[in-house]
Amino acid sequence: MRHAHPHCHMLFKVGGANSHFIVDDAPAPLTDDSVVLVDAWRPHEFVFRPGQPPTQILALYIESDWLAALNSDGADLNPLDFFKSSSGHVSRETYHILMAAVDCLNGGAPSRNEMEVLLAQLVLSTIHKTHPVNNAASRFGRPQLFDWRIRKAVRLFQQNHGDFDKIDAIVAEIGMSRANFFRQFKACTGMSPGLFQNVVRLEQAIRLTVVSQDSLSVAASSLGFSDPAHFSRFFRNHTAVSPRLYRQGASDWLSR
381 MRHAHPHCHM LFKVGGANSH FIVDDAPAPL TDDSVVLVDA WRPHEFVFRP
431 GQPPTQILAL YIESDWLAAL NSDGADLNPL DFFKSSSGHV SRETYHILMA
481 AVDCLNGGAP SRNEMEVLLA QLVLSTIHKT HPVNNAASRF GRPQLFDWRI
531 RKAVRLFQQN HGDFDKIDAI VAEIGMSRAN FFRQFKACTG MSPGLFQNVV
581 RLEQAIRLTV VSQDSLSVAA SSLGFSDPAH FSRFFRNHTA VSPRLYRQGA
631 SDWLSR
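Counting with the numbering used here, you get residues 381 to 636 for the letters of the sequence shown.
Now the structure itself:
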């Protein structure tokens, strides 16, 4: 399912069949020697073909502050235009670090410091081994959030946790026609308001699942889902696991 999020994203194949993603509208292969790289807020989706063998993927969601701390050259970090290319090369060195990280995750109980060091090495190795192709072309046509009305709409969506019933009220508050709002929102953010609402809703769903001690039924209700089953389907469609399994995995990791 096509989606986006506020994190930079790196996808590594760690087992199974080769596959690929669509980033914006371009294919990005996922193989033993190719990593998928996604800038913040860039729409992307996994390409599923019925009958294809499964692919095991290590997905890194990278906070901008953490990424900036690795940016030792002192240049300003723009998470909307960081990777320059949606596909990177996995060198032999990078592959060894990747497998060490996977072994660490699958092993006994690695410390958080140990895991963070390995992941930092993996990210840096990938970035250093990746050669951007035609940087000027990759920047051309990238959406820029310049309209103050759209910036306000984004804030309102976030404050209302992506509530789908709020869109008409938001359009009225920023003083745009509905048709113009949809056109301008897509021009500024690169995605439709509906897709952005799903992004905000998913971010809040993950926060409630991981951080909150409330039941999943309460989380579903607070996000406007009619029933927990609908919430579970939404969560699984966007993360590939149920909210219950996601909460358990996060709990196990945080308790290490």
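Where is the CB? At the ideal position from N, CA and C, for every residue including glycine.
Alpha carbon of residue i to alpha carbon of residue j, nearest angstrom
i      : j      : result
LYS393 : ALA420 : 20 Å
ALA517 : SER465 : Any reading at ALA517 must be qualified, since the residue scores a pLDDT of 36, below 50, and its modelled position is unreliable; no value is offered.
TYR475 : SER631 : 28 Å
GLU574 : HIS508 : In the sequence as displayed, the identity of residue 574 is Gly instead of Glu. If you take the alpha carbons of GLY574 and HIS508, they lie about 36 Å apart.
ASN578 : GLY604 : 12 Å
ASP594 : TRP446 : 29 Å
GLN436 : ASP545 : 37 Å
ASP548 : ASP483 : 49 Å
PRO409 : ASN540 : 36 Å
ALA449 : GLU496 : 13 Å
ASN486 : GLN628 : 15 Å
Residue i CB to nearest heavy atom of the ligand GDP below 7 Å
i      : result
LEU438 : Among the components modelled here there is no ligand, and therefore nothing to report on the ligand GDP.
Local conformation of residue i per DSSP, three classes
i      : result
GLN436 : strand
LYS464 : coil
HIS469 : strand
ALA397 : coil
VAL497 : helix
HIS389 : strand
SER592 : coil
PRO523 : Annotation note: pLDDT 43 at PRO523 (below 50); position unreliable, no value reported.
Residues near residue i by beta carbon distance below 8 Å, same chain, minus five either side
i      : result
PHE576 : ALA384, VAL534, PHE537, GLY542, PHE565, THR569
Sub-8 Å separation of residue i and residue j beta-carbons
i      : j      : result
VAL415 : VAL403 : no
PRO423 : ALA397 : no
SER612 : SER622 : yes
LEU596 : ARG616 : no
LEU499 : ALA480 : no
PHE426 : PHE401 : yes
ILE554 : ARG587 : no
HIS610 : LEU582 : no
THR411 : GLY468 : no
LEU502 : ILE477 : yes
Cβ neighbours of residue i in the same chain (closer than 6 Å, five flanking residues each side left out)
i      : result
LEU438 : PHE392, VAL394
ARG558 : VAL551
Same chain, Cβ closer than 7 Å to residue i, five either side skipped, listed in chain order
i      : result
ASP527 : GLN564, CYS568
HIS387 : ALA420, TYR441, ILE442, GLU443
Counterpart residues of residue i in DSSP-defined beta bridges
i      : result
ILE402 : PRO407, GLU425
SER414 : THR411, HIS469
ILE442 : CYS388
HIS383 : HIS424
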